[in-house]
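So in the numbering used here, the last spot in the sequence shown is 371, and the numbers never skip. This report refers to the structure that appears directly beneath it.
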Amino acid sequence: MLVAHRGASAYAPEHTLASYQLAIEQEADFVEQDLQMTKDGHLICAHDAELSRTTDVAELFPDRATSRDPEGSGAPKRGWFAIDFTLEEIKRLDAGSWFNRANSFAARDSYKGQRVPTLEEAMKAIGDRAGLYIEMKHYEFYKSRGKDMAVALAAALKAAGYDKSDRREKVFIQSFSRASLLRMREVAPTYARVQLLPMDDAGRREATSRVTIALAREVAGYARGAGPSKQMIAGPESIETFHAAGLLVHPYTFRGSTTAVSRRPLDERQSNGSTLRQNIISEIERFIDYGIDGGFTDYPDLWREAIKRKAN
60 MLVAHRGASA YAPEHTLASY QLAIEQEADF VEQDLQMTKD GHLICAHDAE
110 LSRTTDVAEL FPDRATSRDP EGSGAPKRGW FAIDFTLEEI KRLDAGSWFN
160 RANSFAARDS YKGQRVPTLE EAMKAIGDRA GLYIEMKHYE FYKSRGKDMA
210 VALAAALKAA GYDKSDRREK VFIQSFSRAS LLRMREVAPT YARVQLLPMD
260 DAGRREATSR VTIALAREVA GYARGAGPSK QMIAGPESIE TFHAAGLLVH
310 PYTFRGSTTA VSRRPLDERQ SNGSTLRQNI ISEIERFIDY GIDGGFTDYP
360 DLWREAIKRK AN
């Protein structure tokens, strides 16, 4: 199963309608939406609670920076956080031009002026052409600000008709927070839940960074799947541990040596002599051989290419 990570985020600005549309064109089965919340309680699609990496918020609102700690690290950072802006203000932001500046080899004029979409806009744009793979971000942080993301998400899905029996299977809800998934089980139990690993609940990160029978059984008690970091997967035995507990396994993120903020041309030679394209495809093939049920990639087209190569 192919999940487009933040959309086709290697080729278009992440979490924009342009990125979601391209993911569908590249035959993604599911498209990921990371969720943040605005000051007035709207769900928006953005990976970071702090908006300056992917928008021009610092230019439009130079005097609106605050200090926040959405990760609960104990070390607040200064920046422009979604929680401090209304949806109307966030809709003024350019969420696409940064991509063109950072990736001149993939730049398009149409990316300029892309907007931060609401979850409702994302659902409408995707429709029934692909499923929704939604991540609740910074659940405890928003809860401390009086906003229950799980309740807001359940309401948005119901309003869009995803609570109907014929559409529920088009939704996965994931989180690094065990607490948020337990809350989702309370307010909307029919949607498939996926525990991202390692967990970010207090005191759980180290213990949940290794694949064990106990961890798999714990997750299976409240979730349908596990979303481990690739680095946690030692081989087929890791996948079998999750499968033995009845869990689907969807590792993240297949993108080779690139990152969300550092892309490279696909034909660029890597340290092993292969091109970036070849390395990404080979890695996907290797994990398919391990027995994964699906995974997250910034390059949906390369996932499809890997699948075709395995079929031949």
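Cβ atoms here follow ideal geometry from the backbone N, Cα and C, with glycine treated the same way.
Which listed residue (ASP99, ILE272, GLY190) has its alpha carbon closest to that of GLY66: The count along the sequence shown starts at 1 and reaches residue 66 at position 7. Of the candidates ASP99, ILE272, GLY190, GLY190 places its Cα closest to the Cα of GLY66.
Length of the line joining the Cα atoms of GLU194 and THR267: The residue given as residue 194 occupies position 135 in the sequence shown. The residue given as residue 267 occupies position 208 in the sequence shown. C-alpha separation (whole angstroms): 18 Å.
Local Cβ density within 10 Å of ASP326, reported as buried at 16 or more and exposed below that: Start at 1 with the first residue of the sequence shown, and residue 326 comes out as number 267. That one is exposed.
Rounded separation between GLU245 and ASN162 - CA only: Here residue 245 is taken as the residue at index 186 of the sequence shown, counted from 1. Here residue 162 is taken as the residue at index 103 of the sequence shown, counted from 1. Looking at the two C-alpha atoms, the distance is approximately 42 Å.
TYR192 and PHE231 closer than 8 Å at C-beta: Position 133 of the sequence shown, counting from 1, holds the residue named residue 192. Position 172 of the sequence shown, counting from 1, holds the residue named residue 231. Less than 8 Å separates the beta-carbon of TYR192 from that of PHE231.
With 16 other Cβ atoms within 10 Å as the buried cut-off, status of SER203: Reading the sequence shown from its first residue, position 144 is the one you call residue 203. When all chains shown are included, SER203 counts as exposed.
GLU91 burial status per 10 Å Cβ neighbour count (16 or more: buried): One-based indexing of the sequence shown puts residue 91 at position 32. Result: buried.
Classification of GLU265 by the beta-carbon crowding that lies within 10 angstroms, buried from 16 upward: By 1-based counting over the sequence shown, the position of residue 265 is 206. Under a 10 Å Cβ-count criterion, GLU265 is classified as exposed, with fewer than 16 other Cβ atoms of the shown protein chains found around its own Cβ.
Every unbroken alpha helix (DSSP H) within the stretch 204 to 241, with a cutoff of 4 residues, ordered by chain: Those alpha helix (DSSP H) runs which fall completely within the stretch 204 to 241 and span 4+ residues are 208 to 218.
Meets three-Cβ-pair contact criterion under 8 Å: the stretch 72 to 92 and the stretch 161 to 181: By the Cβ criterion, the stretch 72 to 92 is in contact with the stretch 161 to 181, since at least three pairs of Cβ atoms, one from each stretch, lie closer than 8 Å.
Assumed close pair ILE347, LEU361 - CB separation to whole angstroms, cut-off 8 Å: In the sequence shown, counting from the first residue as 1, residue 347 sits at position 288. In the sequence shown, counting from the first residue as 1, residue 361 sits at position 302. ILE347 to LEU361, Cβ: 13 Å. No contact.
Coarse secondary structure for ARG252, derived from DSSP in three states: Within the sequence shown, the letter at position 193 stands for residue 252. Here ARG252 sits in strand by DSSP.
VAL270 versus GLY262, SER126, PRO257, residue with shortest Cα-Cα distance: The count along the sequence shown starts at 1 and reaches residue 270 at position 211. Of the candidates GLY262, SER126, PRO257, the one whose C-alpha sits nearest the C-alpha of VAL270 is PRO257.
Alpha carbon of SER126 to alpha carbon of GLY350, nearest angstrom: For the purposes of this step, residue 126 is identified with residue 67 of the sequence shown, where counting begins at 1. For the purposes of this step, residue 350 is identified with residue 291 of the sequence shown, where counting begins at 1. Cα to Cα, the separation comes out at about 44 Å.
Spatially closest choice to LYS206 from GLU342, SER236, GLY100, ASP352, by CA coordinates: Residue numbering aside, residue 206 sits at position 147 when the sequence shown is read from its first letter. With distances taken between Cα atoms, LYS206 lies closest to GLY100.
Inter-stretch contact (C-beta, 8 Å, three-pair minimum) for the stretch 217 to 237 and the stretch 132 to 148: No: the two stretches stay apart, fewer than three of their Cβ pairs being nearer than 8 Å.
Run of the alpha helix (DSSP H) containing PRO295, from where it starts to where it stops: As a position in the sequence shown, residue 295 is number 236, starting the count at 1. From DSSP, the alpha helix (DSSP H) with PRO295 extends over 295 to 303.
In chain order, each beta strand (DSSP E) run of at least 3 residues that lies wholly inside the stretch 153 to 209: Qualifying beta strand (DSSP E) stretches, in chain order: 190 to 195.
The beta strand (DSSP E) enclosing VAL270, as first and last residue numbers: The count along the sequence shown starts at 1 and reaches residue 270 at position 211. Careful: VAL270 lies outside any beta strand (DSSP E) and carries neither H nor E.
Endpoints, the beta strand (DSSP E) within which ARG336 is located: Numbered from its first residue, the sequence shown carries residue 336 at position 277. Looking at the DSSP string, ARG336 is not in any beta strand (DSSP E); the run it does join, the alpha helix (DSSP H), is 335 to 349.
CB of GLU342 within 8 Å of CB of PHE313, strictly: As a first step, residue 342 must be located in the sequence shown, where it is residue number 283. As a first step, residue 313 must be located in the sequence shown, where it is residue number 254. Their beta carbons are under 8 Å apart, which means GLU342 touches PHE313 by this criterion.
Buried or exposed by the 16-neighbour rule on C-beta atoms within 10 Å, applied to LEU331: What you label residue 331 is simply residue 272 of the sequence shown in a count that begins at 1. The amino acid at residue 331 is misidentified as Leu; the sequence shows Asn. In summary, ASN331 is exposed, with fewer than 16 beta-carbon neighbours lying within 10 Å of its beta-carbon over all protein chains present.
Proximity below 8 Å, CB of HIS64 to CB of THR356: By one-based count along the sequence shown, residue 64 stands at place 5. By one-based count along the sequence shown, residue 356 stands at place 297. The Cβ-Cβ distance between HIS64 and THR356 falls below 8 Å.
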